[in-house]
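Numbering (this note's numbering), first residue to last: 751 to 1193.
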C-alpha cells in the first residue's frame, strides 16, 4: 500500500535530522520514498503520468512527463536540499563511496544497461554526451570521421566543432535512398563501402527522429569489429552511437550492442528527470578520451590538484562526468526511472511500444495520398512514425491535428515530415483516433 500523504511528508521531515548523522542521509531518503506502485497493467502505468486528459499525446518522445515514482524521488531530494543544502550535497557527493548518490544512480542504470556502474558517466543530455566523446578523442589531421546525412544537427555539430579544432576531416554518407524501403543488408553494404583506411570514427544514430528508422547497431558493430581485425590498435575504427530514441523503447542491453560509445538523454523514453543523460563506454574506451569539463566525481583529479602533481592513471568514466553543481534533485532521482522500467520489464515495454506504433504505421500506410517513411519491419522500426500527406505541409498537418486535441510533431530537419509517436501513455483506441484524424485530413 502507498504511503499516505501525511506519513510521506513526515518521513520527508526525518531526512533533515538524518543529515546530522554519519551515513544517515541515503538511508533516510530511501526510507522517505513511497513504495513503487503496482504496474502490472497498462492502465496503472498510464495513471503514473500527469498528462492533460484534454489531449491525445503523440509527441511524448520529445521530453518526458515525470511519472509518479520519479516525481516522488525528485521531491524527496528537493526537500532535503531545501532544508539543508550544504549537508545534503556534502554527504550525497563528497563523502565515502557507500553514500555517494551519483554512484547509486549508476548502479541502477547499470542493471538496465547490462554493464558496470563504473562504465557510466552522468550527463545532462545527448548533446553533452556526444560533445564529450568527439572533443575527448585524440583525432588529428589525416584522420576521418564518417557519419550519415540522416543524423541530427547536434551530432553533426559535435563532429564539426571537434574537427575544426583538431584538423580531422568529416564525410557524410546516405545509408539508403528511402527509409521505408531500406534493408539491413543494404545499410551494412553502404557502410562497408564507405569505410576508408583513414576512417577513425563512425558516428550514427540508433533510431532516427527524421524518418523513424531503427538502425541494426549490432550488425554495424560486427562490421566495425571485422574492419578492426585488419588494423593496429592505434588505428582502430570507433563506433559512436546517439541512442536517445532507442534506450527505453527497444529491448537491447546497451552494454551488449557492440558500440564503443553510447550517448543518450534519459528524459525521453526512459522517463528520467528532465535534464539528465548518460554516456557509456568500456574501460578500454574511456582510456582513449581526454576529459573536456572539470569533474567533481573523481577523487584522483582533486588529489592531484591539491598535491600539485599530474593526474595518475588512465581516464575513467568519473573523470569525464561533468563537474560543477547540477540540479541534484533531478540527477539523483534518475535511478527511480530506471527502476520503474525494470519493474515493468524492458521486453514488455518494447513489445507494447512496437504494438502501438505498428498499429499506427499500418493504419497510416492504408490511407490514400499518404506516404509513410518509417519501415514496417520491426527490425528497422521502433516508436517514431514519419509521414507526409499529398497537398499538406507537415506543419499544417500538425496544426490541424492540434485543433482536434491531438498533439503530433514535425521532424526538425532540412526535409521535414509529420510525426506520430505512441508511448506507454497511449492506448490502442487513441492510436485509432489519431489515424482516423489523419485519414479525414487526407481525404
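We put the CB at the ideal spot given by N, CA and C, even for glycine. Please read all numbers here as calculations on a predicted model, not as lab measurements.
Residue environment, residue i, which counts as buried when at least 16 other CB atoms sit within 10 Å
i            : result
residue 1063 : exposed
residue 1162 : exposed
residue 899  : exposed
residue 949  : buried
residue 1112 : exposed
residue 708  : As displayed, the chain neither begins before 751 nor continues past 1193, which places residue 708 out of reach and without an answer.
residue 1102 : buried
residue 1193 : exposed
residue 876  : buried
residue 915  : exposed
Minimum C-alpha distance to residue i - residue among the options
i            : options                   : result
residue 961  : 1179, 1182, 1169 and 1185 : 1169
residue 777  : 1036, 848, 1052 and 811   : 848
residue 873  : 1149, 1045 and 1139       : 1045
residue 970  : 956, 980 and 981          : 956
residue 1025 : 788, 806, 795 and 814     : 814
residue 1165 : 800, 1145, 1179 and 1184  : 1145
residue 803  : 1175, 1185, 1184 and 1193 : 1175
residue 1133 : 1121, 963, 1041 and 1069  : 963
residue 1194 : 1128, 1137, 1138 and 1115 : This structure does not reach residue 1194, given that the chain is present from 751 up to 1193, and the question cannot be answered.
residue 866  : 975, 1030 and 881         : 1030
residue 780  : 795, 851 and 1073         : 851
residue 931  : 1130, 958 and 1056        : 1130
residue 1003 : 889, 864, 986 and 1189    : 864
residue 1015 : 1189, 1160 and 880        : 880
residue 1072 : 1078, 1090, 1047 and 1091 : 1047
residue 939  : 951, 946, 925 and 947     : 925
residue 1160 : 796, 794 and 810          : 810
residue 927  : 1147, 1125 and 795        : 1125
residue 889  : 1070, 1038 and 1189       : 1038
Residue i versus residue j - alpha carbon distance
i            : j            : result
residue 887  : residue 953  : 13 Å
residue 1191 : residue 1135 : 17 Å
residue 840  : residue 1082 : 14 Å
residue 1005 : residue 1118 : 42 Å
residue 1019 : residue 1099 : 10 Å
residue 980  : residue 843  : 44 Å
residue 941  : residue 1177 : 38 Å
residue 972  : residue 937  : 13 Å
residue 978  : residue 878  : 27 Å
residue 834  : residue 828  : 10 Å
residue 966  : residue 997  : 14 Å
residue 1058 : residue 1049 : 14 Å
residue 1051 : residue 1115 : 55 Å
residue 1139 : residue 1120 : 4 Å
residue 1056 : residue 792  : 53 Å
residue 789  : residue 801  : 17 Å
residue 958  : residue 988  : 20 Å
residue 1167 : residue 1137 : 6 Å
residue 984  : residue 1034 : 12 Å
residue 999  : residue 1091 : 10 Å
residue 907  : residue 1036 : 22 Å
residue 951  : residue 794  : 44 Å
residue 1042 : residue 1189 : 50 Å
6 Å Cβ shell around residue i - same chain, five flanking residues per side excluded
i            : result
residue 920  : 895, 909 and 913
residue 798  : 817 and 818
residue 1181 : 1106, 1109, 1110 and 1172
residue 1040 : 886
residue 1096 : 1001
residue 891  : 917
residue 901  : 955
Distance between beta carbons of residue j and residue i, contact taken as under 8 Å
i            : j            : result
residue 1066 : residue 868  : 7 Å
residue 1142 : residue 929  : Incorrect: roughly 20 Å between the Cβ atoms, too far for contact.
residue 903  : residue 1013 : Not confirmed; about 15 Å, so no contact.
residue 1028 : residue 870  : 6 Å
residue 862  : residue 1088 : 5 Å
residue 1011 : residue 991  : 7 Å
residue 826  : residue 782  : 5 Å
residue 1158 : residue 808  : 5 Å
residue 968  : residue 1007 : 6 Å
Own chain, CB closer than 7 Å to residue i, minus 5 neighbours either side, in chain order
i            : result
residue 1187 : 1151, 1154 and 1156
residue 1023 : 816, 820, 824, 1017, 1080, 1083 and 1084
residue 1075 : none
residue 1185 : 1110, 1113 and 1114
residue 974  : 952, 987 and 989
residue 1077 : 1025
Proximal residues to residue i (C-beta, below 8 Å), its chain only, five neighbours per side dropped
i            : result
residue 1085 : 823, 854, 855, 857, 858 and 859
residue 944  : 896, 921 and 923
residue 1054 : 1060, 1061 and 1062
residue 1179 : none
residue 1183 : 806 and 1156
residue 1148 : 1158, 1159, 1160 and 1168
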